[in-house]
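Worksheet: one structure, shown below.
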């Protein structure tokens, strides 16, 4: 296959890769207006008011950041940079000392005035700690004056100066992986060892206490949904039984989990929950009903039609998979009967009345009903008609040989493969044809994707017995024994065990469907007074107050803890006590003062629950001015919506994927957190400043029981890997969907890493000592890798940390190669997704205003998912696009290559873990960017919005369609409105539309907004001569990237920079009129000389940050990129070095090496020019040259040609 591809096609494929990666999306985004807005709606915080930290908080931010940067500089052998950062730290302490002491005095005055003595003692403690910091200046100065690397490191690690690093991450170690598969365990006994234990079912006439069998219990509460369904049904107990029997899907977990309401809302449940539903409906009709617990023998024929298994062994696996006590009875080595513990219902009613023998009201008996046993039929999906004629072996070969292995053979990079993409395109085209030709609307989803459908039981007479052979009756009771209920236990405690302690113990059914939040409230009236005085916890000096944790259920406090300092670290643990299985414990590290939603997934999230969230959020939106945004009504609702929508969408995806993968997936009781994670600044371990940080989700407990219907274990393993990848991708997309924030997850960042050519390493117990030194990641990540590989797991991780918006960090996958269980981790020890924007610098109330505006729309995307989670649901017109998208996800992953075959090859060692996982991630990326988004882009919703806003903008702002498109695509609709207005004003002042638009690629929305305001001043005030306006533009383009400069300051700098030209400056230096007094001026002089030289050779500078002044702040990255259409070469990438200065080494490799340039090219020239350069390099590498331009102290220029490793070759 490889030979047929030409270089030109590969260059096109490269462009496609970029598009695919950018467009990698989740199905929830069908409901968003334009995909390109996903990473731009909030990315630049354009409309938000910035807020300052306290003076002490700002200082500690500088001290902490400089410490880390200084240590990194030493690791890169850049001693000068490390010392420079220490100088900045010293200067920050000295310049802020008086300001902070003044801040202390103002606080002390307020505390004295209000007799807040406890808070004053806390202030005194922090003042003493600050004195210790000030007294450490001598040690810092000694380090600055030293050339001893070890001495400098010792100072940086000195806790008496910089304090102790807070441990805010957790370790997986030997714990169960978050995305886990529980193994089926059951007993096997020979039939000869089992006597004929069958007994006849005897109807009971006992009427001891009918009131006992009419009462509500935890599991049978008559909720609104139960009452509504009861009103729809007749009083005939047979009709009530048939409703449950024929409509509620069987799930094989053990014990009571979701109760009657949950079974009804989800139309699914095990024997306990279906019995609870039947009992609740009967009791609502005043019919006494009770639970019966016993043992039954299920024939293999019944077991197979009950579970959908293709063999008796698989039927036993499915029934035992979630901890149900199961015995496989064999004869001659073959399973002939499956014995299980089981629960059913008896209802006290007139046997004659409902058996056609006339009404006999005085004679009643306990009639048995077994609602959870039912038979199923297999439905073949029409999607199976799509051809699957791809040669697996060819794809596998292309994939395996497509990447470039590292010399050490532990890593691989450049795994993208054109042939693989072509094969995927083939199948995508077939699927697109199917969806276009098939009318999905009005069909049942099961008829499209296939699956199991309940065969209705048509009976007209009350039963005398249960469907399977009765072995024993162990108990009859009005409610479920408490040890047969799943339970949830939560503990919160601080790291040192001195405060913040909270505990909660509830049954799972008590918490079903509730909004659970964990937050912190003022510990005392004095604490509340102080917070109220400052306005919020984010404006209050953190060290002044204490708070205490509270857990609320639907807004009501159900647990309250003890006091702890605001901003302190708290340890959180939740134990999911599962009947028949070992308990699962999930831990997290939280911050006192944060806000968190605690999400429990009972197997599905009901439509009722999601619509209730939507209704409450609308109410909050209507009353927003009257509510505290950082409250249960707003923050709690948003976070609850995020975590519940995540689970709801994921469960629906998993259900369809399971049907198409030939497995039965039953979810264990699962748990995840979504939260607003504050950023905290510490002084010697004491929190001094707390701000809103980012939104995140952490899915710590995503356990399943997965059983292949035909017994193929490789299907189970590949399904676990597929769904783990999807789950990780959705962890970031759910934040984008709900909040409009760009977000990161393990899979999304791995995609970015592979797109950027990062090397991915597989770390095992055998190679950890060799690979660990090769990784440029944090020490705590390395420690975590050691922990997990020593427990037998394998880690896949990019070599370097990845940067995305304000987020920089590591992601990695921890895999159990035997089962496919995995943890998709973000550095910091949590398995989830996180907003890529740091919101600590913006006004928290405006943040929530934005969230409220977007949330009620974003949650609409979750509702269709919940609806189609029921496989027999009818596909309504409004959810056709969602169905098409899900089909793409599930179908391409299942069809592009036989995962069974691929997994077998992987198990034989022919593929490494990261190759296998990235294969899956790559396919998902292609899928999401392909058919799914094409469907959305063709939808009437998209077209109407696009047309409406484009025409409105053109008319309102008198700009071209191209300008509207460029601003909209770059910054999103919400920000386009404001920015186009500023373009209009600048145009009216004299600027051209073309010059105003060309800088959009390199500026954020906030920066572009400032730039437009400056340009309006430049043209309207008339202070700058026309010939020097380009210099003013360059100055403004540079200064808008400095957040601290105002529009007026940027304009003043532009005026100054326009006064003298670059050639005048160069002439003054070379005539001796200006003396280059520092390295900054020498470097800037060198860059100006290089610009003038290449321009004299006919080249145009296409890089953005042009130096026009000797005292401009240093800009990092590529010095200059130049272009000449007929030049040889066409493109020159230049680095200017003055005097004895040489190329340095960085974590990305040597300065001006190919890898170093690739990481900085987009920042230097923008995406459009970068794409052109990359394309040109692929077509004709000789048209791109890297050159070192050396400028002597006499102004003489020497040009050297560099190779890919930045070595001089000419």
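In my numbering, the protein residues as written are 32 to 1241. Every residue, glycine too, gets a C-beta built ideally from N, C-alpha and C. Every value quoted in this text rests on a predicted model; they were computed, and no experiment measured them.
| Asked | Found |
| --- | --- |
| Reduced DSSP category for residue 723 - H, G, I as helix; E, B as strand; rest coil | strand |
| Contacts around residue 487, its chain only, beta-carbon distance under 7 Å, and the 5 residues preceding and following it disregarded | 277 |
| Per DSSP, the bridge partner or partners of residue 281 | 300 |
| DSSP state of residue 1065 mapped onto helix, strand, coil | helix |
| Under the three-state DSSP convention, the category residue 584 falls into | strand |
| Nearest-angstrom beta carbon gap, residue 1039 and residue 1010 [assumed within contact, 8 Å] | 6 Å |
| Rounded C-alpha distance that separates residue 335 from residue 478 | 21 Å |
| Under the three-state DSSP convention, the category residue 365 falls into | strand |
| Inter-stretch contact at 8 Å, needing at least 3 Cβ pairs: the segment 260-276 / the segment 482-500 | yes |
| For residue 1149, three-class secondary structure by DSSP | coil |
| 3 or more residues per run - each beta strand (DSSP E) lying fully within the segment 585-623 | 587-591, 600-608 and 615-622 |
| Close Cβ partners of residue 256 (< 8 Å) along its chain, the five nearest in sequence each way excluded | 292, 295, 296 and 639 |
| Three-pair Cβ contact test at 8 Å for the segment 305-315 versus the segment 248-268 | yes |
| Cβ neighbour criterion (16 or more within 10 Å) applied to residue 1103 | exposed |
| Contact under 9 Å by Cβ, residue 506 with residue 325 | yes |
| Cβ-based burial, residue 630 [other Cβ within 10 Å; buried from 16] | buried |
| Proximal residues to residue 1100 (C-beta, below 7 Å), its chain only, five neighbours per side dropped | 1107 and 1116 |
| Start-to-end residues for the beta strand (DSSP E) that takes in residue 1170 | Residue 1170 -> no beta strand (DSSP E), and no H or E assigned at all. |
| Straight-line Cα distance separating residue 1055 from residue 1028 | 21 Å |
| Rounded C-alpha distance that separates residue 686 from residue 696 | 7 Å |
| DSSP bridge partner residues for residue 1132 (one or two, in chain order) | 1153 |
| Short CB-CB distance (under 9 Å) between residue 358 and chain B | Of the protein chains in the structure, only one exists, and it is not chain B. |
| Member of 1172, 1175, 1087 and 1179 whose CA lies at the smallest distance from the CA of residue 1142 | 1087 |
| Bounding residues of the alpha helix (DSSP H) (the contiguous stretch that carries residue 135) | 110-144 |
| Beta-carbon spacing of residue 547, residue 671 below 9 Å | yes |
| Closest by C-alpha distance to residue 1152, when choosing among 1218, 1187 and 1112 | 1218 |
| Beta-carbon contacts of residue 1135 that lie in its chain and below 6 Å, excluding the five residues immediately before and after | 1033 |
| Three-state class that DSSP yields for residue 1143 in the structure shown | coil |
| Cutoff 7 Å; reference residue 1225; Cβ partners in own chain excluding five residues on either side | none |
| Sequence-distant residues of the same chain with beta carbon closer than 6 Å to residue 712, five excluded per side | 88, 91, 92, 719 and 720 |
| Alpha-carbon spacing of residue 500 relative to residue 708, whole angstroms | 55 Å |
| Identified DSSP bridge partners for residue 399 | 377 |
| Residue 1219 - DSSP class collapsed to helix/strand/coil | strand |
| Rounded distance between the beta-carbons of residue 636 and residue 675, thought under 8 Å | 5 Å |
| Alpha-carbon to alpha-carbon, residue 994 and residue 1020 | 18 Å |
| Where residue 989 falls: helix, strand or coil (DSSP) | coil |
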